[in-house]
Amino acid sequence: MYSLSYVKAKSLKEAAAFLAKNPEAKLLAGGMTMIPTLKQRLARPTHIVDIAALPELRGIAAKGGRLVIGAGTKHHDVATSAVVRKAIPALAGLAAQIGDPQVRNRGTIGGSLANNDPAADYPAAVLGLGATVVTTQRSIAADDFFQGLFATALEEGEVIVRVEFPLPKRAAYSKFHHPASGYAMAGVFIAQTAGGVRVAVTGAGPGVFRWTAAEAALAESFKPAALEGLPLDASGLNDDIHADREYRANLVRVMAKRALAKISGKK
Amino acid sequence: MAKVTIKVNGKNYTKAVEDRMLLVDFLRDELKLTGTHVGCDTSQCGCCTVHIDGRAVKSCSMLVAQANGTSIVTIEGMAKGGKLHPIQRAFSECHGLQCGFCTPGMIMATAGLLKDNPNPTDEQIYKGLEGNLCRCTGYINIVKAVKMSAKLLRGKAR
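Those sequence lines, one after another, are chains X and Y. In terms of numbering that gives the first Met the number 0, the first sequence opens at residue 0 and continues consecutively. In terms of numbering that gives the first Met the number 0, the second sequence opens at residue 0 and continues consecutively.
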C-alpha cells in the first residue's frame with residue numbers, strides 16, 4: 000500500500016468539505032473493496048476519509064410504502080433485519096448471499112453501490128426494484144445511477160446517504176455464484192412493481208442492466224415459459240476465463256427462471 | 000501517524016501507528032500476537048479472522064486505524080485459565096486440522112457462526128465457513144469439529 004493519511008469524518012458535512020478541498024481523497028466505508036485495492040496499489044489516494052461510523056448513514060425503516068436503508072448499513076444487518084425481511088424478503092436474501100460472513104460484517108450497501116462492481120449483488124436489487132439513491136446533493140433514480148463498469152452518476156464529493164426502495168408486489172433474486180470469489184457469474188433480480196415487471200441482471204455484462212425483452216414477455220405472462228426462446232444478445236456480455244458470453248447468456252436465462260420459480264413458491 | 004487505543008483480548012493498548020498499517024500487522028508485529036495468520040493477504044482465505052466488537056472480520060482487509068476504539072478478540076484470547084475454549088477442544092478432538100495454518104481463522108469463524116446459529120446444519124456450516132480456506136482440504140473433519148463445538152457450547156456433550 001502506498002503511504003496515505005487516514006481521516007475519520009465526524010459528520011457528512013465534514014467529509015464532503017474535506018473531499019472538496021482534497022481532490023485525491025477517497026471515501027472509506029466497510030473497505031471490502033477499497034482496502035484490497037489499496038493493498039494491490041491499484042489506487043493512490045492522498046487521504047482516505049472514513050465515514051463508516053457516521054450516525055447519519057445508519058438505520059433501516061419501512062415507512063410510507065418504502066423501505067429506507069442507510070448507506071452505512073452492513074450486509075449482515077440487511078440480511079438479518081426483521082424490517083427488511085418483512086418488507087422485501089428478496090432483498091434480505093440477496094444481502095445474505097454477498098461474499099462471505101466476514102465480508103458481510105464489514106461491507107456496506109452504500110459502498111457496494113458507489114463502487115458498482117459489474118458482478119456485485121446490490122446493483123441488481125436497486126435497479127430491479129427501481130429504487131432511489133439519495134445523496135448529499137440529490138435523489139438519483141436507479142435507471143440513471145448505474146453507468147457501466149465501476150461507473151455511477153455520482154459527482155466528485157457526492158456521498159450516498161440512503162437508498163429508498165418502493166415495496167414490490169413480489170420479487171426474487173437468483174444468483175449463480177462464482178465458486179471461488181462468490182461474486183455473481185450471473186444474478187437476476189425480478190420484481191413485480193406498481194410500474195410493471197422489472198428484470199435486472201448483474202455479473203453477466205460490463206455493468207448491471209435491465210433485460211427489457213424479458214420484462215415485456217413477463218408483463219404478458221408471468222411464468223417461466225414466457226422466457227423460452229426469448230432473445231438475449233450475448234455480444235455485449237462478459238467473455239473471460241470463467242465463462243464465455245454464450246454460457247453467461249444461458250446462465251441469465253436459467254437464473255431468471257429460478258427467480259420466477261422462487262416468486263411463485265416453487266423450488 | 001495515527002494514535003489508536005484498542006482493547007485486545009481484554010487488555011488496552013495505546014500506540015502510534017502508520018496510517019496505512021493493517022490490523023493484522025498491528026496484531027502480529029506490534030503486539031506479537033502471531034496466532035492470527037496471514038494466508039492469502041487478499042481477503043479470501045480467512046486465516047486472519049478475528050472478532051471486532053463480537054463480529055468475525057478479516058484483519059488483513061482493514062486498517063488498524065479503522066479499529067480504533069473497538070474491542071478485539073484473537074485466537075490467543077479464546078483459551079481461559081490454561082483451559083482450551085470448547086471450539087479449540089473440538090478441533091483438537093475431531094482432528095479438524097492437518098497442517099494447522101488455517102485453524103486460528105477457522106476457530107474464530109466458527110465462533111462467529113455459532114454465535115448467530117448455535118445449532119447449524121451441514122449446509123449452514125458450509126455457508127458459514129465460506130470465508131475460510133483449508134488448503135490441506137481437511138474440510139470433513141472441520142465440519143465435524145464445528146458440530147462438536149456446537150454441542151459443547153450448548154452444553155450437550157461431555
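Even glycine gets a Cβ: it sits at the ideal position worked out from N, Cα and C.
{"Query": "Under 8 Å between the Cβ atoms of Ser60 (chain Y) and Ile34 (chain X)?", "Result": "yes"}
{"Query": "Can you grab the Cα-Cα spacing for the pair Ala213 (chain X) / Cys135 (chain Y), in whole Å?", "Result": "45 Å"}
{"Query": "Going by C-alpha to C-alpha distance, which of Y:Val72, Y:Ala89, Y:Leu21 sits closest to Asn140 (chain Y)?", "Result": "Y:Ala89"}
{"Query": "Output the boundary residues of the alpha helix (DSSP H) element that contains Met184 (chain X).", "Result": "Element bounds for Met184 (chain X): not the alpha helix (DSSP H) but the beta strand (DSSP E), 183-192."}
{"Query": "Is the shortest distance between the beta-carbon of Ser2 (chain X) and the beta-carbons of chain C less than 8 Å?", "Result": "Looking at the structure shown, chain C is missing, and the protein chains on hand are X and Y."}
{"Query": "Between the stretch 67-79 of chain Y and the stretch 56-69 of chain X, do at least 3 Cβ pairs fall closer than 8 Å?", "Result": "no"}
{"Query": "At a Cβ threshold of 8 Å, is Val72 (chain Y) touching chain X?", "Result": "no"}
{"Query": "Determine the direct distance from the alpha carbon of Ala260 (chain X) to that of Gly129 (chain X), and round the result to whole angstroms.", "Result": "21 Å"}
{"Query": "Which chain X residues sit within Cβ distance under 7 Å of Val56 (chain Y)?", "Result": "Gln101, Asn104, Arg105"}
{"Query": "Leaving out five residues on either side along the sequence, give the residues of the same chain with a beta carbon under 6 Å from the beta carbon of Gly156 (chain X).", "Result": "Ala15, Leu18, Ala19"}
{"Query": "Checking contacts by CB at 8 Å: is Met61 (chain Y) closer than that to chain X?", "Result": "yes"}
{"Query": "Label Gly71 (chain X) either buried or exposed according to how many other C-beta atoms from any shown protein chain fall within 10 Å of its C-beta, with 16 as the threshold for buried.", "Result": "buried"}
{"Query": "Show which residues of chain X have a CB atom less than 7 Å away from the CB atom of Ala15 (chain Y).", "Result": "Going along chain X, no residue has its Cβ under 7 Å from Ala15 (chain Y), so there is no contact; the nearest lies around 13 Å."}
{"Query": "Determine the DSSP secondary structure at Asp49 (chain X), reduced to helix, strand or coil.", "Result": "strand"}
{"Query": "DSSP on Arg153 (chain Y), reduced to helix/strand/coil?", "Result": "coil"}
{"Query": "Taking only the alpha-carbon atoms, compute the straight-line gap between Ala248 (chain X) and Ile159 (chain X) and give it to the nearest angstrom.", "Result": "32 Å"}
{"Query": "Determine, using beta carbons only, whether Leu3 (chain X) and His46 (chain X) come nearer to each other than 8 Å.", "Result": "yes"}
{"Query": "Residues of chain Y with CB closer than 7 Å to the CB of Gly293 (chain X), please, in chain order.", "Result": "Lying outside 0 to 266, the shown extent of chain X, residue 293 (chain X) is not represented and no answer is given."}
{"Query": "Within 8 Å of any Cβ in chain Y, is that where the Cβ of Gly181 (chain X) sits?", "Result": "yes"}
{"Query": "The stretch 35-46 of chain Y: which residues have C-beta closer than 8 Å to a C-beta of chain X, in chain order?", "Result": "Asp40, Thr41, Ser42, Gln43, Gly45"}
{"Query": "Using the rule of at least 16 other Cβ atoms within 10 Å of the residue's Cβ for burial, across every protein chain shown, is Ser180 (chain X) buried or exposed?", "Result": "exposed"}
{"Query": "Taking Gly195 (chain X) as the reference, which of X:Ala183, X:Ser220, X:Pro178 has the closest Cα?", "Result": "X:Ser220"}
{"Query": "May I ask you to list the residues that DSSP assigns as paired with Ile159 (chain X)?", "Result": "X:Thr134"}
{"Query": "Out of X:Asp232, X:Val198, X:Pro205, which one is the CA nearest neighbour of Ala218 (chain X)?", "Result": "X:Val198"}
{"Query": "Given this structure, state the Cα-to-Cα distance separating His74 (chain X) from Ala95 (chain X), to the nearest angstrom.", "Result": "7 Å"}
{"Query": "When you compare the stretch 163-182 of chain X with the stretch 87-94 of chain X, are there three or more beta-carbon pairs, one atom per stretch, that lie closer than 8 Å?", "Result": "yes"}
{"Query": "Mind checking the stretch 140-152 of chain X against chain Y and listing, in chain order, the residues whose C-beta falls within less than 8 Å of any C-beta there?", "Result": "none"}
{"Query": "Counting only runs of 3+ residues fully inside the stretch 61-94 of chain Y, write out the beta strand (DSSP E) ranges in chain order.", "Result": "70-72"}
{"Query": "For Lys57 (chain Y), count neighbouring C-beta atoms within 10 Å of its own C-beta (all shown protein chains included) and say buried if the count is 16 or more, exposed if not.", "Result": "buried"}
{"Query": "Excluding five sequence neighbours on each side, which residues of the same chain lie with their C-beta closer than 6 Å to the C-beta of Asn114 (chain X)?", "Result": "Thr32"}
{"Query": "Report the three-state DSSP secondary structure of Ile141 (chain Y) (helix, strand or coil).", "Result": "helix"}
{"Query": "Alpha carbons only, please: which of Y:Gly38, Y:Cys93, Y:Arg153 is nearest the one belonging to Asn167 (chain Y)?", "Result": "Residue numbering for chain Y in the displayed model covers 0 to 157; residue 167 (chain Y) lies beyond these limits and cannot be assessed."}
{"Query": "Within a Cβ cutoff of 7 Å, which residues of the same chain sit near Arg257 (chain X), ignoring the five residues on either side of it in sequence?", "Result": "Ser173"}
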